[in-house]
Amino acid sequence: MSTQLIDLNDDLRRLKDEGYNISIVSGNLVIKGIPYVNKDKKILFGAIYCPLTLSGEKTVPPQDHTVRFMGEHPSNQFGTEINSFVNSAQQHTLTADIIGSYYFSSKPQNGSYPDFYTKMTRYIELLSAPAKSIDQSVSAQNFEYESYNDSSVFKYPDTFTARAGLSNISERLKDQKLAIVGLGGTGSFVLDFVSKTPVKQISLFDGDHMLNHNAFRIPGTMTLDELEKKPSKVTYFKEKYEKFRDGIIDHDVFIDDSNVALLDGHDFVFVAIDNSEAKRVIIEHLMASKIPFVDLGIGISVVNNSLRGSIRKTLITPENCGYLNKISTEKATGEDIYSQNIQISELNALNAIMGVIAWKKLNGFYLTEDIFYNSTFIIDEEEIKNET
Numbered sequence: 094m095s096t097q098l099i100d101l102n103d104d105l106r107r108l109k110d111e112g113y114n115i116s117i118v119s120g121n122l123v124i125k126g127i128p129y130v131n132k133d134k135k136i137l138f139g140a141i142y143c144p145l146t147l148s149g150e151k152t153v154p155p156q157d158h159t160v161r162f163m164g165e166h167p168s169n170q171f172g173t174e175i176n177s178f179v180n181s182a183q184q185h186t187l188t189a190d191i192i193g194s195y196y197f198s199s200k201p202q203n204g205s206y207p208d209f210y211t212k213m214t215r216y217i218e219l220l221s222a223p224a225k226s227i228d229q230s231v232s233a234q235n236f237e238y239e240s241y242n243d244s245s246v247f248k249y250p251d252t253f254t255a256r257a258g259l260s261n262i263s264e265r266l267k268d269q270k271l272a273i274v275g276l277g278g279t280g281s282f283v284l285d286f287v288s289k290t291p292v293k294q295i296s297l298f299d300g301d302h303m304l305n306h307n308a309f310r311i312p313g314t315m316t317l318d319e320l321e322k323k324p325s326k327v328t329y330f331k332e333k334y335e336k337f338r339d340g341i342i343d344h345d346v347f348i349d350d351s352n353v354a355l356l357d358g359h360d361f362v363f364v365a366i367d368n369s370e371a372k373r374v375i376i377e378h379l380m381a382s383k384i385p386f387v388d389l390g391i392g393i394s395v396v397n398n399s400l401r402g403s404i405r406k407t408l409i410t411p412e413n414c415g416y417l418n419k420i421s422t423e424k425a426t427g428e429d430i431y432s433q434n435i436q437i438s439e440l441n442a443l444n445a446i447m448g449v450i451a452w453k454k455l456n457g458f459y460l461t462e463d464i465f466y467n468s469t470f471i472i473d474e475e476e477i478k479n480e481t
C-alpha cells in the first residue's frame, strides 16, 4: 500500500524520485538519513516524521507546519545548539524503532505549507545546512528506493491514529487474532469497533441469515435489495468490512460440541449469543484452552409500558474466572427476561463498547489501576456497577 500511495501523489513521488529515504509508517510520512550536526560538531544522521493528511489515497495540504525529529539536539557548524526551529525536547514513540526526541516548528510566512514535498524539504534544508558547511559531500538524497510491502491490514492509510499520535499504543493490538461469536446485534457492533484496530485477524461465527429485524440493530443500514438476497450474517459482514480491511474470516456455523475447536488459536473471544447450551460449550472449551474471553448480555423487560433492565459484561481470563457465576448457561424459562430477547441498537452498541474496552484494558491500551471483570449497567438508574 505504501508504494502505491507514494506513486499516486506528486509531492510524495517527488521526494522518492529525488532520492530521499521516504516511507509511510502508521499513517506518518517518515524521512530518514538526514545529515545534521550535534553539539560536538559531529555529523550524524537523523529522521523527521509527521502525520499524513489524506482524502482517500490523495494527499491534501499538511494539517500543520510541525514535524518530529529523531536524533540529538541539532547544532550549527560551530557546535552551538539551534533553537530557532527546535520547539521543545519532547519524546514521542511512533514505533519501537522510530522514537522522536524533539518537536520542530518552522512556520512559513503564509502560515502553511502547500504540500508535503515543500514541508519536508524545508526541514531537511534547516537540518542539513550546518552539516554541508562542514562536509559538502553529505546529503539526505542518497537512498536507492526499492518497493516494499506495508504490513497494515487496512485498505488505506490509518491517518486517524497517526494524527492522534496513538500509533505506538495501537501496535500492542497488532498481532492479535480475535473471534466474535454471534452477530445478531451486540456482536455486529463489536465487529465495527475492533475492525478499526490493527488486529491481524477477526473471525466471525454465526449460522444465521440477515432478516429485516436484524437491520434495525446493527451498525449502518441495509438496502432492500440486500435484505431480499437473505445473505448469511457472516458473509454480509465480511463483504462489508473487507472493503475497509483485510483479515476478516467468516464461519457460517453455530458453535456446538462438533466445531468448538474452531475457536482454538485465537487470542481473545467475544461471546455475544443468547443460546445457553452453546454458551456452556464455548465457555468450557475456552477455559480448558486458557483463551481469555468476554461474555456480553442484555436483559430487558416491559414495565408500565416502558423498558427497564440491565447490560452486562463479564471478563474471564486464565488468571481470573471469579465471576463465572454471572454468566447464565441454563435454559431460560418463560419468566426469564432474557427469553423475551428485546434488543435495542443503542443498548447493543453500549454492550459492545463495554466488551471492547475490557479487551483493550487487558492489553494495556487504556491505563487502569484495576480491571473490572464484571460490569453491569442498570438502565433506569444510569449507573454502572463494576466489580474487580
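Note that the numbering used here has the sequence shown beginning at 94, numbered continuously upward. By construction, the Cβ of each residue, glycine as well, lies at the ideal position given by its N, Cα and C atoms.
The three-state reading of DSSP puts residue 100 in helix, counting H, G and I together.
Non-local beta-carbon contacts of residue 221 in its own chain, meaning distances under 8 Å to residues more than five positions away in sequence, involve 127, 128, 129, 231, 232 and 233 in chain order. In this chain, the beta strand (DSSP E) harbouring residue 129 covers 121-130.
The beta carbons of residue 274 and residue 391 sit no closer together than 7 Å.
For residue 286, the uninterrupted alpha helix (DSSP H) run begins and ends at 279-287, by DSSP. When rounded, the separation of the alpha-carbon atoms in residue 445 and residue 321 is 27 Å.
Contact between the region 142-150 and the region 246-258 is present: three or more C-beta pairs spanning the two stretches fall below 8 Å. For residue 456, there is no enclosing beta strand (DSSP E), since its DSSP letter is neither H nor E.
With the rule of 3 Cβ pairs closer than 8 Å, the region 398-415 counts as touching the region 451-465. The shortest CA-to-CA distance from residue 296 to any of 276, 314, 317 and 313 is the one to 276. In the DSSP assignment, residue 141 forms a beta bridge with 124 and 162. For residue 218, the enclosing alpha helix (DSSP H) stretches over residues 209-227. The Cβ-Cβ distance between residue 386 and residue 283 does not fall below 7 Å. In the DSSP secondary-structure assignment, residue 270 is bridged to 294.
Fewer than three beta-carbon pairs drawn from the region 249-269 and the region 296-313 are found closer than 8 Å, and the two stretches are therefore not classed as touching.
If the five residues before and after residue 254 are omitted, its C-beta is found closer than 6 Å to the C-beta atoms of 120, 260 and 263, all from its own chain and listed in chain order.
Where residue 254 is concerned, the enclosing alpha helix (DSSP H) starts and stops at 252-257. Under the criterion of beta carbons closer than 8 Å, residue 137 and residue 165 qualify as touching, at roughly 7 Å. Across the set 226, 438, 336 and 245, the C-alpha of 226 shows the shortest separation from the C-alpha of residue 168. DSSP places residue 247 in the strand class (E or B) of the three-state scheme. When DSSP states are grouped into helix, strand and coil, residue 262 belongs to the helix group. The beta carbon of residue 476 is closer than 8 Å to those of 470 in its chain, skipping five residues each way along the sequence. For residue 392, the beta-bridge partners assigned by DSSP are 403. Counting every other CB atom within 10 Å of its CB across the protein chains shown gives residue 383 a total below 16, marking it as exposed. Residue pairing of residue 408 in beta bridges, as defined by DSSP: 387. Two segments are said to touch when three or more pairs of C-beta atoms, one from each, lie closer than 8 Å; by this definition the region 297-305 touches the region 326-337.
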